[in-house]
Amino acid sequence: MNVPFQVRLPSVFLTDDRTLQESGWFGCARTVSGWPEPAIVGLLLGLVMAVGWVDYLTGVELSVSLLYLIPITFGTRVAGRSTGNMLALASAGVWLVADLLARHTYGHWFSPVWNALTLAISFLVVVALLASLREANQGLEQTVARRTKALQAENAQRRQAEEELRHALSDVRTAHVELQRTQFELVEAAKMESVGRLAAGVAHEVKNPLMTLSLGADYFLNRGSENQDQAQLVQDMKEAVHGARNVINVLLDYARPRPLQRTSEDIHNLIENSLTLVRHQLNKQHVTVAREFDMALPLLWLDRTRIEQVFVNLFTNAMQAMPPGGTLTVRTLASIPLGGDSNAPAGVMVEVDDTGHGIMPENTGKLFEPFFTTKPPGQGTGLGLAIVHRVMEIHGGSIRLSNRKEGGARATLQFNTEPKEKL
Amino acid sequence: MSPKRILVVDDEPGITRSLKLNLESTAGYEVRTENDSARAIDAARDFHPHLILLDVLMPRLDGCDVSARIHADPELKDTPIVFLTALANNEDTGGHAVVAGSTVYLAKPVDTDELIKCIEQTLLTTVQPRRHAFSLHL
Numbered sequence: 000m001n002v003p004f005q006v007r008l009p010s011v012f013l014t015d016d017r018t019l020q021e022s023g024w025f026g027c028a029r030t031v032s033g034w035p036e037p038a039i040v041g042l043l044l045g046l047v048m049a050v051g052w053v054d055y056l057t058g059v060e061l062s063v064s065l066l067y068l069i070p071i072t073f074g075t076r077v078a079g080r081s082t083g084n085m086l087a088l089a090s091a092g093v094w095l096v097a098d099l100l101a102r103h104t105y106g107h108w109f110s111p112v113w114n115a116l117t118l119a120i121s122f123l124v125v126v127a128l129l130a131s132l133r134e135a136n137q138g139l140e141q142t143v144a145r146r147t148k149a150l151q152a153e154n155a156q157r158r159q160a161e162e163e164l165r166h167a168l169s170d171v172r173t174a175h176v177e178l179q180r181t182q183f184e185l186v187e188a189a190k191m192e193s194v195g196r197l198a199a200g201v202a203h204e205v206k207n208p209l210m211t212l213s214l215g216a217d218y219f220l221n222r223g224s225e226n227q228d229q230a231q232l233v234q235d236m237k238e239a240v241h242g243a244r245n246v247i248n249v250l251l252d253y254a255r256p257r258p259l260q261r262t263s264e265d266i267h268n269l270i271e272n273s274l275t276l277v278r279h280q281l282n283k284q285h286v287t288v289a290r291e292f293d294m295a296l297p298l299l300w301l302d303r304t305r306i307e308q309v310f311v312n313l314f315t316n317a318m319q320a321m322p323p324g325g326t327l328t329v330r331t332l333a334s335i336p337l338g339g340d341s342n343a344p345a346g347v348m349v350e351v352d353d354t355g356h357g358i359m360p361e362n363t364g365k366l367f368e369p370f371f372t373t374k375p376p377g378q379g380t381g382l383g384l385a386i387v388h389r390v391m392e393i394h395g396g397s398i399r400l401s402n403r404k405e406g407g408a409r410a411t412l413q414f415n416t417e418p419k420e421k422l
Numbered sequence: 000m001s002p003k004r005i006l007v008v009d010d011e012p013g014i015t016r017s018l019k020l021n022l023e024s025t026a027g028y029e030v031r032t033e034n035d036s037a038r039a040i041d042a043a044r045d046f047h048p049h050l051i052l053l054d055v056l057m058p059r060l061d062g063c064d065v066s067a068r069i070h071a072d073p074e075l076k077d078t079p080i081v082f083l084t085a086l087a088n089n090e091d092t093g094g095h096a097v098v099a100g101s102t103v104y105l106a107k108p109v110d111t112d113e114l115i116k117c118i119e120q121t122l123l124t125t126v127q128p129r130r131h132a133f134s135l136h137l
């Protein structure tokens with residue numbers, strides 16, 4: 000690393016409080032403070048006596064008096080104010096005794112007594128200072144400990160509140176999505192109910208005349224006709240009736256306000272069933288089927304019949320888009336729902352590819368419109384993709400149509416996995 | 000063997016007329032038609048049909064009412080009924096007849112061939128059940 004001004008601190012500054020405390024004086028104090036108090040006091044009194052002995056031996060040497068500060072400071076530090084006071088007085092006493100015993104150096108007997116008093120007062124002042132320092136230190140430590148504890152409790156509380164808030168937010172979000180879906184379904188249901196009623200009415204009124212026409216045509220067909228043109232006309236009538244009947248049935252199916260009958264389904268079973276339904280046509284049109292399945296996909300909560308209808312419609316479209324034959328590829332894969340919410344469970348994506356002529360640019364906006372078709376007259380009702388779109392919509396999924404780079408079209412179905420409790 | 004008698008009840012004269020012509024000429028049935036559903040029971044008592052083709056939506060008495068009266072009549076209660084309905088579509092009926100209990104539904108508009116096939120099957124299963132018990136292919 001290239002740091003222009005890097006200051007290296009001596010290692011002693013970098014150690015934390017604990018290491019500092021455990022070294023030297025502090026370490027010693029810590030060790031001793033673990034002892035019982037009488038033992039400490041005994042040791043320090045011994046020390047005082049030892050200094051007194053040296054004092055006696057050296058006579059009037061003032062510097063020796065300072066040695067008394069060692070047990071006094073140590074005692075105050077380790078055992079507190081009262082022990083410190085006791086040691087201070089003991090030190091002054093020992094000093095006095097030592098000095099009196101070595102009195103031959105002094106003139107007057109009062110001189111050592113005066114000195115002892117002065118020393119006692121000095122020692123007591125030292126003890127008072129050290130003890131205040133010690134007590135202040137202890138108070139500070141207690142305050143820090145108390146504050147730390149309070150802060151920790153506060154933090155824990157805040158974290159819990161945050162967690163609860165996050166849960167609540169997630170609940171609200173789920174409820175919102177659910178509400179939106181319900182609202183959509185309600186609006187759709189109401190809309191489709193009136194459309195359905197209209198369609199059923201129209202269907203009924205149209206189907207009776209169609210039946211008359213169909214039976215009339217049947218009658219003439221069965222009687223046979225010498226005239227080729229007449230026979231052809233009757234046949235055309237018959238086919239026209241069939242065409243009209245198909246349109247009405249698909250329209251009824253599109254408009255019928257039937258609620259979804261959802262069950263938990265493996266999408267691959269539905270795809271296979273739908274492929275079976277169109278197998279005959281696939282063979283006839285020389286279309287080969289390629290499967291690229293991701294078998295580890297979750298189960299989906301959907302209306303089996305209606306989704307099979309979606310696949311059959313898409314397969315039929317794909318088939319009709321490649322008249323000389325081609326390849327129909329069905330691919331399943333896991334996906335993240337279009338909402339982009341990374342917390343939401345992954346959905347399932349199904350791609351249906353054909354090798355046909357693709358989608359004309361001018362038609363892209365109209366593909367899902369009812370009755371829009373690019374097929375020759377009589378070959379398509381124009382409702383197939385409209386139904387696919389609607390079924391995907393009421394399932395909370397989506398469909399996208401696009402052209403593939405390699406040529407041909409691709410239908411991409413997006414299924415969202417429902418919350419687990421519904422499965 | 001005398002031809003099977005079929006009673007057709009539908010309020011559309013165009014439908015009853017063409018049904019009569021088709022069923023008589025194609026399958027050789029003896030067909031009587033009735034456009035007034037209220038008179039259907041009398042017609043049935045008089046005609047003793049092997050099977051009744053019944054429209055569902057009709058003014059005065061609808062198909063269900065007529066069917067209930069036929070089932071309540073001791074003389075007619077075993078007569079099989081095929082409903083012709085404009086309300087169902089291919090998906091409901093699977094493109095063919097739907098059997099609900101002893102009642103068969105066909106979605107309008109129906110082809111003559113399909114209708115005859117349905118009538119034959121219904122007659123086979125309900126009129127002479129014992130004689131054909133071992134040769135049923137439904």
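Line by line, the protein sequences give chains P and W.
Counting in numbering that gives the first Met the number 0, the first sequence runs from 0 upward without gaps.
Counting in numbering that gives the first Met the number 0, the second sequence runs from 0 upward without gaps.
Think of the CB as a built atom: it goes at the ideal place given N, C-alpha and C, for glycine as much as any other residue.
Predicted model, so just to flag it, every value in this text is computed and none were measured.
Neighbourhood of P:E348 by C-beta, 6 Å cutoff - its chain only, sequence neighbours within 5 removed: On the first sequence, residue 348 of chain P is found 349 positions in, with the first residue counted as 1. In the sequence on display, residue 348 of chain P carries Met and not Glu. So the list reads L332, S334 and Q413, once near-sequence residues are dropped.
Of the residues that make up the segment 212-238 of chain P, which ones have a beta carbon closer than 8 Å to any beta carbon in chain W? L212, S213, L214, G215, D217, Y218, N221 and R222
| request: Hey, could you find the ends of the alpha helix (DSSP H) P:A97 is sitting in? | output: Sequence index remark: in the first sequence, residue 97 of chain P carries index 98 (1-based). Taken as a continuous stretch (DSSP letters only), the alpha helix (DSSP H) holding P:A97 covers R80 to L100.
Check your understanding: Could you give the distance in angstroms between the alpha-carbon of P:V101 and the alpha-carbon of P:T117?
Key -> Locating residue 101 of chain P in the first sequence gives position 102, counting from the first residue. Locating residue 117 of chain P in the first sequence gives position 118, counting from the first residue. Position check: residue 101 of chain P holds Ala in this sequence, whereas Val was assumed. One C-alpha to the other measures close to 18 Å.
Range of the contiguous beta strand (DSSP E) that encloses P:I358: Numbered from 1 along the first sequence, position 359 holds the residue referred to as residue 358 of chain P. From DSSP, P:I358 is part of no beta strand (DSSP E); its letter is neither H nor E.
Original post:
If you drop the 5 nearest sequence neighbours on each side, which residues of the same chain put their C-beta closer than 6 Å to that of P:W113?
Top reply: Position 114 of the first sequence, counted from the first residue, corresponds to residue 113 of chain P. So the list is empty, once near-sequence residues are dropped.
Checking the sheet assignment: what are the DSSP bridge partners for P:M48?
If you number the first sequence from 1, residue 48 of chain P lands on position 49. Answer is none; P:M48 lacks a bridge partner.
- alpha helix (DSSP H) segment containing P:L250, residue limits: Working through the first sequence from its first residue, we reach residue 250 of chain P at position 251. Segment Q227 to A254, the alpha helix (DSSP H) holding P:L250.
Environment of W:D77 [buried if 16+ CB atoms lie within 10 Å]: Reading the second sequence from its first residue, position 78 is the one you call residue 77 of chain W. Under this definition W:D77 is an exposed residue.
Opening and closing residue of the beta strand (DSSP E) in which P:Q413 lies:
For the purposes of this step, residue 413 of chain P is identified with residue 414 of the first sequence, where counting begins at 1. Residues A408 to F414.
| Are W:P108 and P:R244 close, meaning C-beta to C-beta below 8 Å? | As a working note, residue 108 of chain W is residue 109 in the second sequence. As a working note, residue 244 of chain P is residue 245 in the first sequence. Yes. Within cutoff.
field: Minimum Cβ-Cβ distance from W:H95 to chain P less than 8 Å
entry: For the purposes of this step, residue 95 of chain W is identified with residue 96 of the second sequence, where counting begins at 1. Residue confidence is low: W:H95 scores 46 on pLDDT, short of 50, so the model does not pin down where it sits. No coordinate-derived value is stated.
Comparing the C-beta of W:S1 with each C-beta of chain P, is any distance below 8 Å? By 1-based counting over the second sequence, the position of residue 1 of chain W is 2. No - not a single Cβ of chain P is within 8 Å of the one on W:S1.
Under three-state DSSP, which class holds P:N268?
Residue mapping note: residue 268 of chain P aligns to position 269 of the first sequence, counting from 1. Here P:N268 sits in helix by DSSP.
Would P:E368 and P:R409 be called neighbours here (beta carbons separated by less than 8 Å)? Taking the first sequence and counting its residues from 1, the one referred to as residue 368 of chain P is at position 369. Taking the first sequence and counting its residues from 1, the one referred to as residue 409 of chain P is at position 410. Taking 8 Å as the Cβ cut-off, P:E368 and P:R409 do not qualify as a contacting pair.
| query | Is W:E119 helix, strand or coil when you go by DSSP? | reply | Mapped onto the second sequence, residue 119 of chain W falls at position 120. In the structure shown, W:E119 sits in a helix (DSSP, three-state: H, G or I).
Pull up the distance between the alpha-carbon of P:Y67 and that of P:N154, whole angstroms please.
Numbered from 1 along the first sequence, position 68 holds the residue referred to as residue 67 of chain P. Numbered from 1 along the first sequence, position 155 holds the residue referred to as residue 154 of chain P. Straight-line Cα distance between these residues: approximately 49 Å.
| request: Using the Cα positions of W:G27 and P:D217, report the straight-line distance between them to the nearest angstrom. | output: Taking the second sequence and counting its residues from 1, the one referred to as residue 27 of chain W is at position 28. Taking the first sequence and counting its residues from 1, the one referred to as residue 217 of chain P is at position 218. Whole-angstrom Cα-Cα distance: 15 Å.
Three or more beta-carbon pairs under 8 Å between the segment 191-207 of chain P and the segment 248-262 of chain P, yes or no? yes
- So, helix, strand or coil for W:G27, using DSSP? Residue 27 of chain W sits at position 28 when you count from the first residue of the second sequence. W:G27 falls in the coil class under three-state DSSP.
Where does the unbroken alpha helix (DSSP H) through W:D41 begin, and where does it stop?
Sequence index remark: in the second sequence, residue 41 of chain W carries index 42 (1-based). Taken as a continuous stretch (DSSP letters only), the alpha helix (DSSP H) holding W:D41 covers A39 to F46.
By DSSP's criteria, W:V109 is part of a beta bridge. Which residues make up the other side? Residue 109 of chain W sits at position 110 when you count from the first residue of the second sequence. Answer by DSSP bridge pairing: none, since W:V109 is not bridged.
- Buried or exposed: where does P:G45 fall if 16 or more other Cβ atoms within 10 Å of its Cβ makes it buried? Counted from its first residue, the first sequence places residue 45 of chain P at position 46. Exposed: under 16 other Cβ atoms inside 10 Å.
| Selected residue, minimal CA-CA separation from P:I266, among P:R330, P:Q156, P:F183 and P:S64 | Position 267 of the first sequence, counting from 1, holds the residue named residue 266 of chain P. The shortest C-alpha separation from P:I266 is found at P:R330.
Practice prompt. Show which residues of chain P have a CB atom less than 7 Å away from the CB atom of W:A85.
Written response: Here residue 85 of chain W refers to the residue found at position 86 of the second sequence. Residues of chain P passing the Cβ test: A202, H203, K206 and N207.
Exercise. What are the residues of the segment 7-31 of chain W that lie near chain P, defined by any Cβ-Cβ distance shorter than 7 Å?
Worked result: E11, G13, I14, S17, L18, L20, N21, S24 and T25
*Taking the alpha-carbon positions, what's the P:G396 to P:T416 distance?*
Residue mapping note: residue 396 of chain P aligns to position 397 of the first sequence, counting from 1. Residue mapping note: residue 416 of chain P aligns to position 417 of the first sequence, counting from 1. Looking at the two C-alpha atoms, the distance is approximately 9 Å.
- Euclidean distance between Cα positions of W:P48 and P:R222: What you label residue 48 of chain W is simply residue 49 of the second sequence in a count that begins at 1. What you label residue 222 of chain P is simply residue 223 of the first sequence in a count that begins at 1. When rounded, the distance between both Cα atoms is 26 Å.
Using a cut-off of 7 Å between C-beta atoms, extract the partners of P:R244 located in chain W.
-> Walking along the first sequence from the start, residue 244 of chain P turns up at place 245. The answer, in chain order, is P108.
Exercise. Between which two residues does the beta strand (DSSP E) carrying P:W300 extend?
Worked result: Within the first sequence, residue 300 of chain P is the residue found at index 301, counting from 1. First-last of the beta strand (DSSP E) with P:W300: L299 to D302.
ask   = In angstroms, rounded to a whole number, what distance separates the CA positions of W:V103 and P:P360?
value = Within the second sequence, the letter at position 104 stands for residue 103 of chain W. Within the first sequence, the letter at position 361 stands for residue 360 of chain P. Rounded to whole angstroms, W:V103 to P:P360 spans 49 Å at the Cα level.
Can you check whether the CB of P:L400 is closer than 8 Å to the CB of P:N312? What you label residue 312 of chain P is simply residue 313 of the first sequence in a count that begins at 1. What you label residue 400 of chain P is simply residue 401 of the first sequence in a count that begins at 1. Cβ atoms of P:N312 and P:L400: not closer than 8 Å.
request  = Report yes if the C-beta distance between P:T354 and P:M321 is below 8 Å; otherwise report no.
outcome  = Within the first sequence, residue 354 of chain P is the residue found at index 355, counting from 1. Within the first sequence, residue 321 of chain P is the residue found at index 322, counting from 1. Result yes, Cβ atoms of P:T354 and P:M321 sit closer than 8 Å.
> Apart from the five residues just before and just after P:A127, which ones in its own chain have a Cβ nearer than 6 Å to its Cβ?
Replying inline: Counting from 1 along the first sequence, the entry for residue 127 of chain P is found at position 128. Excluding residues within five positions, none has a Cβ falling inside 6 Å.
Self-check item: Residue range of the unbroken beta strand (DSSP E) whose run includes P:T326
Solution: By one-based count along the first sequence, residue 326 of chain P stands at place 327. Start and end: G325 to S334.
**Prompt:** Do W:T111 and P:L214 come within 8 Å of each other at the CB atom, strictly closer than that value?
**Reply:** Position 215 of the first sequence holds residue 214 of chain P. Position 112 of the second sequence holds residue 111 of chain W. A contact, by the Cβ cut-off of 8 Å.
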